[in-house]
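Note sheet for the following structure.
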Amino acid sequence: MIIKQLSVFLENRTGRLTELTGILAANDINISAFSIADTADYGILRMIVGRPEQAADVLKNHGFAVKVTEVVGMIVPHKPGGLHHALQIISENNVAIEYMYAFASGECNATVIIRADSLEKLIAVLQEHKMELLQKGDVYQL
Amino acid sequence: MIWNEHYECMERESLLKLQGTRLKEMVERVYYSVPFYRTRLQEKGIEPGDIQTIDDLRKLPFTTKQDLRDNYPFGLFAKPQQDVVRLHASSGTTGKSTVVGYTHNDIMMWSEVVARSLTMIGATRDDIIQVAYGYGLFTGGLGLHYGAEKIGASVIPISGGNTKKQLQLMEDFGSTLIACTPSYAAFLGEALIEEKIDPAAIKLRAGIFGAEPWSEEMRAQIEKLLRIKAYDIYGLSEIIGPGVSMECPCQKGMHIFEDHFIPEIINPDTCEVLPYGELGELVFTPATKEAMPLIRYRTRDLTRLHAEKCDCGRTLVRMEKCVGRSDDMLIIRGVNVFPSQVESVLLEMSETKPHYLLVVDRHNNLDILEVQVEVDEQFFSDEVKELEDLRRRIRANIASVLGLHAEIRLVEPGTIERSMGKAQRVVDKRKIH
Numbered sequence: 018m019i020i021k022q023l024s025v026f027l028e029n030r031t032g033r034l035t036e037l038t039g040i041l042a043a044n045d046i047n048i049s050a051f052s053i054a055d056t057a058d059y060g061i062l063r064m065i066v067g068r069p070e071q072a073a074d075v076l077k078n079h080g081f082a083v084k085v086t087e088v089v090g091m092i093v094p095h096k097p098g099g100l101h102h103a104l105q106i107i108s109e110n111n112v113a114i115e116y117m118y119a120f121a122s123g124e125c126n127a128t129v130i131i132r133a134d135s136l137e138k139l140i141a142v143l144q145e146h147k148m149e150l151l152q153k154g155d156v157y158q159l
Numbered sequence: 007m008i009w010n011e012h013y014e015c016m017e018r019e020s021l022l023k024l025q026g027t028r029l030k031e032m033v034e035r036v037y038y039s040v041p042f043y044r045t046r047l048q049e050k051g052i053e054p055g056d057i058q059t060i061d062d063l064r065k066l067p068f069t070t071k072q073d074l075r076d077n078y079p080f081g082l083f084a085k086p087q088q089d090v091v092r093l094h095a096s097s098g099t100t101g102k103s104t105v106v107g108y109t110h111n112d113i114m115m116w117s118e119v120v121a122r123s124l125t126m127i128g129a130t131r132d133d134i135i136q137v138a139y140g141y142g143l144f145t146g147g148l149g150l151h152y153g154a155e156k157i158g159a160s161v162i163p164i165s166g167g168n169t170k171k172q173l174q175l176m177e178d179f180g181s182t183l184i185a186c187t188p189s190y191a192a193f194l195g196e197a198l199i200e201e202k203i204d205p206a207a208i209k210l211r212a213g214i215f216g217a218e219p220w221s222e223e224m225r226a227q228i229e230k231l232l233r234i235k236a237y238d239i240y241g242l243s244e245i246i247g248p249g250v251s252m253e254c255p256c257q258k259g260m261h262i263f264e265d266h267f268i269p270e271i272i273n274p275d276t277c278e279v280l281p282y283g284e285l286g287e288l289v290f291t292p293a294t295k296e297a298m299p300l301i302r303y304r305t306r307d308l309t310r311l312h313a314e315k316c317d318c319g320r321t322l323v324r325m326e327k328c329v330g331r332s333d334d335m336l337i338i339r340g341v342n343v344f345p346s347q348v349e350s351v352l353l354e355m356s357e358t359k360p361h362y363l364l365v366v367d368r369h370n371n372l373d374i375l376e377v378q379v380e381v382d383e384q385f386f387s388d389e390v391k392e393l394e395d396l397r398r399r400i401r402a403n404i405a406s407v408l409g410l411h412a413e414i415r416l417v418e419p420g421t422i423e424r425s426m427g428k429a430q431r432v433v434d435k436r437k438i439h
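Listed in order, the protein sequences are those of chains A and B. Residue 159 is where the first sequence ends in the working numbering, and the numbering goes up by one at each step. Residue 439 is where the second sequence ends in the working numbering, and the numbering goes up by one at each step.
Below, the structure is given as C-alpha cells:
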C-alpha cells in the first residue's frame, strides 16, 4: 500500500531541473507524477518514478540531495465531488495531510498522492471506507 | 588645533627616548605582576633589566588574540580587581569574549587621546557631539563620550540605532559633530533625505567615523549626504578602544598617539620588523596601560607607517587606512566576525555539516551577511516547514554567537567549494579597498 516517492532538494537556479530530468532520461527512468514545493531560495521536487531506489542512487551520484520518502496513492472518481468525498473521510478520521498532489489520466479516475502524519492510519481509514489504493506493483508504471 | 602640543609635536628623538623609558617601566611591571608574561619572558631568557631603550622592543615576544582567549577573562590583568574600574568586551570565536580592563588612570589616558583626536579636527567646548556609537561592552560609545566631555563639549549619548530619534535630536539640539560607524553615517544621510529634512536645519559640520573598514568612495558619499567633513578614527579594544590614532585635516593618514601606543610594522609571516613605508601587520605596545598592558600586540591589520612631519605640525607617525587583515576576521557592521564562529555553530547542531560560505555585501550602505549552508541528505526533510524551521534555528544560533543577524541560504550539497588546503570560507563583495 505504501509507495515510494523521491524527494529532491533543488536550488532555484535556471536549468537545474533540466539537469535532473536529463539524468533520469539517460538512465531510462520514467517519471509518473511530480510536484514542486517552492520557496524564495529553493524548491523540493517530489516525484513518483519507475525504479525509485535506482533513481535515487543515480541522482545521489550526481550530487543531488535525495531522499526516498513514503506516500500513499489514492484513486478517486474523476468527477465533481470525487476528491471532496475522499478528503471528508480523511479529515473526519483526524488524519493530518502534510502535502498532496494529484493527476488525472484518462476519463474515469484521478490519482492523489498523499503524505500524512500517519500513513498506516491513512491506509486503514481509506480501506475501511472502501477507497481504492494504488498498489506497489502498478504504481511505478502509472 | 592641538590638544597636547608637548606630546603631539615632540621632536622624534625625545619621543623615542620617552617610549624607551615607558617601555622599560612597563616590562618591569608586567614581569612582576602577570605570570603569563613572566613565563614568556623567561622562556626567551629576558629579564626586565635587558630592556633599556626603545631599540630593545624587538627582543620582546608578541601577544596575540589567542593569548587573550587562553587567559580569559582576567589572566592578562596586571592590576588586582580592586584597581579595575571598567570592563569592556568584544565578541570572540567560540562565544567567549575578549575582555579588557581599565584602571582609573587608563580611563584618564583614554579620555586624553580621544580629546586629542577631537581637537585634531577642530572640536571645542562650543560643539554638541552626537555619539551614535553603541554604548555598552563595545568601546565605541563610552570611548568617544569621555573624550568629548574632557574637551568640554556637550555630549548627546544617544548610542546606535533609532534613526528617527537621531535625526530629530540632530535637528532639535543642533548637533555639530557626530561619531558613529561609517555605514551608519551613510544610512543616516539617506534617512535625512527620505524624511525630507531641510539641510539648512542641520548644523553638523564634521563626523568621526571608525570601527569598521571604509573606502574613500564612502567618505565622499557621506560628505555629500550629510554635508560634512568625514574623518577617520582608529582603535581596538585590546589597545584602548577608539583613539589609538586619528586623522588630522591634512588627511594624510591617522596620527598614532605614540607616547602611549608604540607602533611597529612586521612581516606577518616572518615577524621581522619592517621599516617605515613598507606594508605589513600593525603591532602595538600600549606602554602606559595599567590594567592590561600588552607586549607587542598583533592587530592583524595590514597598513604602512609614515614618520615625516605632518603639515599640521604633529611629529606623530601616521598610519594609512588599513588595507586588509592578515587573518580571516571580517568586520561587519562594526562587529568582529570569524568564520570559525559560524563553523562552531554548525558543528554544534546535529543536523548540519560545517560546509558553509559567508557572503558579505553592502546594500544601501548597510552590511549584509549571508551564510550559505549545504543541505545534507541526512537532515534533508522533504517538508518545507521542517527546512524553514532548520533555517530559523541556524539563524538564531548564529545571531546569539555573533551578535549579528545573518540571512541563511540553504544550498545543494557539494556546491560549496572544497579545497585541500585552507578552504575559501568568505566572499566579501563590499568594495572597501
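For glycine and all other residues, C-beta sits at the position ideal for the given N, C-alpha and C.
Whole-angstrom C-beta distance between residue j and residue i, which should lie under 8 Å
i, j, result
"B/E264", "B/L322", "5 Å"
"B/I262", "B/S251", "4 Å"
"B/A207", "B/E253", "Contact flag wrong, Cβ pair sits at about 28 Å."
"B/D388", "A/S24", "3 Å"
"B/Y282", "B/A313", "5 Å"
"B/K258", "B/R324", "6 Å"
"B/V366", "B/L408", "The pair is not a contact, with the Cβ atoms about 12 Å apart (cut-off 8 Å)."
"B/L232", "B/A197", "Not really, about 10 Å apart at Cβ, beyond 8 Å."
"B/P219", "B/C316", "The pair is not a contact, with the Cβ atoms about 23 Å apart (cut-off 8 Å)."
"B/E296", "B/N111", "5 Å"
"B/S189", "B/D373", "6 Å"
Residues that residue i bridges to, as DSSP identifies them
i, result
"B/Y108", "B/R92"
"B/Y303", "B/T69, B/F290"
"B/R296", "Note on identity: in this sequence residue 296 of chain B is Glu, with Arg being the wrong assignment. Answer is none; B/E296 lacks a bridge partner."
"A/T128", "A/I92, A/F120"
"A/F51", "A/M64"
"B/P247", "It is Gly, not Pro, that sits at residue 247 of chain B in the sequence shown. Bridge partners of B/G247: B/L242."
"A/K21", "A/E87"
"B/L375", "B/V366"
"B/R442", "It is not possible to answer for residue 442 of chain B, since the shown part of chain B is limited to 7 through 439."
"A/L37", "Paired residues: none, contrary to the question."
"B/C186", "B/F215"
"B/M355", "Bridge partners of B/M355: none, in fact."
"B/V433", "B/V365"
Test item: CB-CB of residue i and residue j under 9 Å
i, j, result
"B/D133", "B/S165", "no"
"B/R5", "B/I414", "An answer regarding residue 5 of chain B cannot be provided, because it is not within the stretch 7 to 439 covered by chain B."
"B/I127", "B/V91", "no"
"A/M91", "A/L143", "yes"
"A/R63", "A/Q22", "yes"
"B/P299", "B/A138", "no"
"B/V390", "A/I65", "no"
"B/G340", "B/G142", "no"
"B/T294", "B/H266", "yes"
"B/L148", "B/I135", "no"
"B/G249", "B/G158", "no"
"B/L82", "B/D73", "yes"
"B/E270", "B/L63", "yes"
"A/M117", "A/I131", "yes"
"B/L66", "B/I301", "yes"
Residues near residue i in its chain [Cβ-Cβ closer than 6 Å; skip 5 each side]
i, result
"B/D275", "none"
"B/R18", "T321"
"B/I246", "W116"
"B/T99", "At B/T99 the pLDDT is 48, less than 50, meaning the model places this residue with poor confidence; the figure from the coordinates comes in the next sentence. Around B/T99: F344, S346, Q347."
"A/H146", "I106"
"B/R225", "A236"
Same chain, Cβ closer than 7 Å to residue i, five either side skipped, listed in chain order
i, result
"B/Y37", "Y43, R44, L47, P54"
"B/H411", "A405"
"B/E423", "Q430"
"B/L393", "S387, L416"
"B/Y13", "D265"
"B/L29", "I57, I60, L63, I268, T291, A293"
Close beta carbons around residue i, own chain, < 8 Å, minus the five adjacent residues each side
i, result
"B/E234", "The amino acid occupying residue 234 of chain B in the given sequence is Ile; Glu does not appear at that position. Hits under 8 Å: I184, L210, R211, A212, G213, I228."
"B/E357", "D382, Q384, F385, L396"
### Task
Scan the segment 55-84 of chain A for residues whose Cβ lies nearer than 8 Å to a Cβ of chain B and list them as they occur along the chain.
T56, D58, Y59, I61, R63, K77, G80, F81, A82, V83, K84
### Query
When Cβ atoms are compared, which residues of the segment 368-394 of chain B fall closer than 9 Å to chain A?
Of all residues in the segment 368-394 of chain B, E380, V381, D382, E383, F386, S387, D388, E389, V390, K391, L393, E394 have a Cβ within less than 9 Å of some Cβ in chain A.
### Query
Taking Cβ-Cβ distances below 8 Å as the criterion, which residues of the segment 402-417 of chain B are in contact with chain A?
Those would be R415, L416, V417, in chain order.
### chain B contacts from the segment 114-138 of chain A (Cβ-Cβ distance under 9 Å)
So the close ones are E115, Y116, R132.
### Proximal residues, the segment 25-41 of chain A versus chain B, C-beta separation under 9 Å
V25, F26, L27, E28, R30, R33
#### Entry: Near-chain A residues of the segment 339-362 of chain B (beta-carbon distance less than 8 Å), N- to C-terminal order
none
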